[in-house]
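**Q** FYI, the UniProt record's numbering numbers position 3 of the sequence shown as 3, with every residue one higher than the one before it. A single structure is presented below for examination.
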Amino acid sequence: MLNSNLLRKLDMQDLMVFVAVYEQSSVTGVSEALFVSQSTVSYCLKKLRTSFEDELFINTRTGMRPTYKASTMYGHVLKILESINLCHAGAQAFDPTRQPVTFNICAPEYFEQLILPRLLKTFDFADLPVMVNMHKFETDVPAEELRDGSLDLVVCFGPNFHRNHTDFKSRMLLEDDLVCVFDKRATPMESRLSLKAFTERRHVFPTPWTSTTNMVDGWLARQAQKRQIVARSNSYSAALKLITGTDFIVTLPRRIQRLLASEAVFKHCEAPNGLPGFTLDMQWCQSLDQDSANVWLREQVIKACAEQQAA
1 MLNSNLLRKL
11 DMQDLMVFVA
21 VYEQSSVTGV
31 SEALFVSQST
41 VSYCLKKLRT
51 SFEDELFINT
61 RTGMRPTYKA
71 STMYGHVLKI
81 LESINLCHAG
91 AQAFDPTRQP
101 VTFNICAPEY
111 FEQLILPRLL
121 KTFDFADLPV
131 MVNMHKFETD
141 VPAEELRDGS
151 LDLVVCFGPN
161 FHRNHTDFKS
171 RMLLEDDLVC
181 VFDKRATPME
191 SRLSLKAFTE
201 RRHVFPTPWT
211 STTNMVDGWL
221 ARQAQKRQIV
231 ARSNSYSAAL
241 KLITGTDFIV
251 TLPRRIQRLL
261 ASEAVFKHCE
271 APNGLPGFTL
281 DMQWCQSLDQ
291 DSANVWLREQ
301 VIKACAEQQA
311 A
């Protein structure tokens, strides 16, 4: 808002005249430089003097001398004009074809197995010089790395598995649920495991991130139940190898089961009733919300996830 109603009468030409008079000290010179008449320059100066309640420029033998107030105003008026020019030009759109670019994404294995291959194929097909550096998701959202620009995006599981940050924005990318996977020779007869059968089996747990809690054990605890974990693996593929030739069970996201659990070796059945599914979410720093490169990257991730959701 403006401090005075008198300021509403000013326009860009008035500010341009102010800067030109300050720099040239001559009404005639300003008239020629701005391609306006001397009477127009005089009229603009009158409006400026009225609006700012100051003489602003004093006519002397050596030209128009700025008053103290005009001297303090000069830098601010220059910034106003520069800002208007920036508004007119708009932010330069990101063009991934112009030069090589590297994006840093922190995400769990789920993203690397399902979404990253689609992203890379898209970049390769379009011959884009885009490189993606993946960072392992640890205990929680790496907030400081997002804030200082070390990371462009964080992809994590939801809902509500991680602490919220008011300066981050978030978008759900896709939904999935969990299924129980067995060695083909140890598959139960039923199409859906009961809670009792689920907890009686020994489990291999592929850890999606470094944490003492997870969606399965958290749900079991709410049912006053727990499972016996015989091994924790660092990856989905390792977990599948660990159950081969045993009666162990591994609980996997359905999309991962379809991708990695060959039907020649493994079978699956539905998880116990009530075991919740999950979402894959994307988070980014609010300060980069309008950054054209970050916007472009988010669009590519959203597109790849939409394709995966439809597959």
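A virtual CB, placed ideally from N, CA and C, is assigned to each residue, including glycine.
#1: Between which two residues does the alpha helix (DSSP H) carrying GLY29 extend?
#2: How would you call ILE58, buried or exposed, if buried means at least 16 neighbouring beta carbons within 10 angstroms?
#3: If we count the other Cβ atoms within 10 Å of its Cβ and call it buried at 16 or more, is CYS106 buried or exposed?
#4: Out of curiosity, what's the CA-to-CA distance linking GLU149 and MET64?
#5: According to DSSP, simplified to helix, strand and coil, what is GLN309?
#6: Roughly how many angstroms lie between the CA atoms of LEU6 and PHE35, to the nearest whole one?
#7: Comparing alpha-carbon positions, which option in LEU119, ASP95, LEU128, ALA197 lies nearest ASP291?
#8: Is it right to say ASP127 is buried, meaning 16 or more other beta carbons lie within 10 angstroms of its own, or is it exposed?
#9: Under 8 Å between the Cβ atoms of PHE103 and VAL155?
#10: Which same chain residues, not among the five before or five after LEU297, have their C-beta less than 7 Å away from its C-beta?
#11: Do the stretch 232-242 and the stretch 155-175 make contact, defined as three or more Cβ pairs closer than 8 Å?
#12: Tell me the residue span of the alpha helix (DSSP H) that contains PRO117.
#13: Tell me whether residue 364 sits in a helix, a strand or coil according to DSSP, three-state version.
#14: Please report the Cβ distance between GLN286 and LYS169, rounded to the nearest whole angstrom; I am assuming they are in contact, meaning their Cβ atoms lie under 8 Å.
**A** Reading from the atomic positions:
#1: Working through the sequence shown from its first residue, we reach residue 29 at position 29. From DSSP, the alpha helix (DSSP H) with GLY29 extends over 27-34.
#2: On the sequence shown, residue 58 is found 58 positions in, with the first residue counted as 1. The residue is exposed, with fewer than 16 neighbouring Cβ atoms inside 10 Å.
#3: What you label residue 106 is simply residue 106 of the sequence shown in a count that begins at 1. The residue in question, CYS106, is buried, as its Cβ has 16 or more Cβ neighbours within 10 Å.
#4: Here residue 149 corresponds to residue number 149 of the sequence shown, with the count starting at 1. Here residue 64 corresponds to residue number 64 of the sequence shown, with the count starting at 1. According to the sequence provided, residue 149 is Gly. The question's Glu does not apply to it. Near 48 Å, if we compare the C-alpha coordinates of MET64 and GLY149.
#5: The residue given as residue 309 occupies position 309 in the sequence shown. Reduced to three states, the DSSP call for GLN309 is helix.
#6: In the sequence shown, counting from the first residue as 1, residue 6 sits at position 6. In the sequence shown, counting from the first residue as 1, residue 35 sits at position 35. Approximately 26 Å between the Cα atoms of the pair.
#7: Translated into the one-based positions of the sequence shown, residue 291 becomes position 291. Cα-wise, what sits closest to ASP291 is ASP95.
#8: Walking along the sequence shown from the start, residue 127 turns up at place 127. So ASP127 ends up on the exposed side.
#9: Working through the sequence shown from its first residue, we reach residue 103 at position 103. Working through the sequence shown from its first residue, we reach residue 155 at position 155. Going by C-beta atoms, PHE103 is not nearer than 8 Å to VAL155.
#10: The residue labelled residue 297 in the question sits at position 297 within the sequence shown. Answer for LEU297: PHE103, ASP152, LEU153, listed in chain order.
#11: no
#12: Locating residue 117 in the sequence shown gives position 117, where the first residue counts as 1. Unbroken alpha helix (DSSP H) run through PRO117: 116-125.
#13: Nothing about residue 364 can be read from this structure; the chain reaches only from 1 to 311.
#14: For the purposes of this step, residue 286 is taken as the residue at position 286 of the sequence shown. For the purposes of this step, residue 169 is taken as the residue at position 169 of the sequence shown. Indeed, because the Cβ distance is near 5 Å, the residues count as touching under 8 Å.
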